[in-house]
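Chemist: So that we are looking at the same thing, I have put the structure below in structure tokens.
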Amino acid sequence: MKEMSKIVRTVTNIIYSFIILFGFYIIIHGHLTPGGGFQGGAVVASAFALLAVSYGALKIKDMLKKENFSVSECSALFVFIGLAFLGISTVFFYNFLTGGVIFGNIPSGINPGDLNTGGVIPLMNVAVGVEVLSGIGLIILYMFTGSKEVKE
Amino acid sequence: MNKKIAVLALGVVFVFLFVGAVSLHPFGEPDEKGMDDYFIENAQNETGANNVVTSVVFDYRGYDTLGEATVLFTAVTGVGLALRRMKK
């Protein structure tokens with residue numbers, strides 16, 4: 000696929016950083032508002048898809064590297080499993096941070112945006128979000144760089 | 000002959016669908032609601048998260064999320080395997 004017109008590329012340059020920012024907002028506020036790691040990761044990956052569509056397969060190959068995505072995906076999965084193992088003194092997936100200093104506040108009733116709550120849930124949200132965004136980004140990159148132009 | 004069989008099968012399927020749709024349980028009134036009430040009552044105090052769905056997905060049923068993450072990892076591995084570049 001060739002790169003699209005200058006209008007599309009300019010709009011992409013303006014808008015893709017905001018899409019990535021919105022995706023990370025959804026990931027980080029996963030324990031307060033609707034959404035979470037999976038949804039926010041998919042939003043961030045849609046920004047990569049926008050970049051790939053508007054700039055074409057040849058340029059996206061230099062912009063985003065597959066190796067970085069594989070490393071971040073595997074390490075995020077390891078962080079997720081490691082967080083689950085850290086609570087194994089009680090039970091696998093035990094929420095050991097609730098009531099502590101880090102992310103330990105327990106709100107009563109409506110929470111007007113206190114992010115310091117939820118125990119290990121925000122950390123797990125971030126881990127799953129990074130895993131999903133790099134996984135879907137990797138699928139997009141594989142599909143784009145398999146095209147005919149890259150081969151020639 | 001084939002057409003008659005097809006119409007008959009369609010009728011049977013339609014009757015089953017109709018019976019199933021009519022005898023659906025009323026929305027919002029489950030038979031067993033002990034677990035739902037437990038989550039709604041205690042999720043905020045036990046996990047500290049305001050979003051009950053997130054506290055179920057990441058805390059009470061963490062195994063489920065682990066499986067989902069593994070499924071995504073396997074899907075990415077499969078795509079990479081199918082679309083890899085062979086060295087000449």
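The listed protein sequences derive, respectively, from chains C and V. Numbering that gives the first Met the number 0 applies: residue 0 is where the first sequence begins, and numbers increase by one. Numbering that gives the first Met the number 0 applies: residue 0 is where the second sequence begins, and numbers increase by one. A virtual CB, placed ideally from N, CA and C, is assigned to each residue, including glycine.
Sorted by chain position, which residues of the same chain lie with C-beta nearer than 7 angstroms to C/Thr11's C-beta, five sequence neighbours on each side aside?
Modeler: Annotation for C/Thr11: Leu49, Leu50, Ser53 place their beta carbon closer than 7 angstroms to its own, counting only its chain and skipping 5 residues before and after.
Chemist: Measuring only the C-alpha atoms, how far is V/Asp58 from C/Val90?
Modeler: Straight-line Cα distance between these residues: approximately 11 angstroms.
Chemist: Given this structure, state the Cα-to-Cα distance separating V/Arg84 from V/Glu45, to the nearest angstrom.
Modeler: 50 angstroms
Chemist: Along chain V, which residues have their Cβ under 9 angstroms away from the Cβ of C/Asn124?
Modeler: Thr53, Phe57
Chemist: So what's C/Thr11 in DSSP terms, helix, strand or just coil?
Modeler: helix
Chemist: To the nearest angstrom, how far is the alpha carbon of C/Val129 from that of V/Pro29?
Modeler: 36 angstroms
Chemist: For the candidate residues C/Phe92, C/Phe17, C/Asp113, C/Cys73, whose alpha-carbon lies nearest to that of C/Ile101?
Modeler: The residue with the shortest Cα to Cα distance from C/Ile101 is C/Asp113.
Chemist: Determine, using beta carbons only, whether V/Thr46 comes closer than 8 angstroms to chain C.
Modeler: True, the Cβ-Cβ gap to chain C drops below 8 angstroms.
Chemist: Identify the continuous alpha helix (DSSP H) that holds C/Ile105 and give its terminal residues.
Modeler: For C/Ile105, there is no enclosing alpha helix (DSSP H), as DSSP marks it with neither H nor E.
Chemist: Between V/Phe17 and V/Gly27, what straight-line distance do the alpha-carbon atoms span, to the nearest angstrom?
Modeler: 21 angstroms
Chemist: What runs of the beta strand (DSSP E), each 3 residues or longer, lie entirely inside the stretch 70-126 of chain C?
Modeler: none
Chemist: List the residues of chain V whose Cβ lies closer than 8 angstroms to the Cβ of C/Leu20, in chain order.
Modeler: Within chain V, no residue comes near C/Leu20; the closest Cβ sits about 21 angstroms away, beyond 8 angstroms.
Chemist: Distance check for C/Asn115 and C/Ser74, CA to CA, integer angstroms please.
Modeler: Their Cα atoms are separated by approximately 24 angstroms.
Chemist: Could you give the first and the last residue of the continuous alpha helix (DSSP H) run that contains C/Ala48?
Modeler: 36-62
Chemist: Taking all protein chains shown into account, do 16 or more other C-beta atoms lie within 10 angstroms of the C-beta of C/Pro111, making it buried, or fewer, making it exposed?
Modeler: exposed
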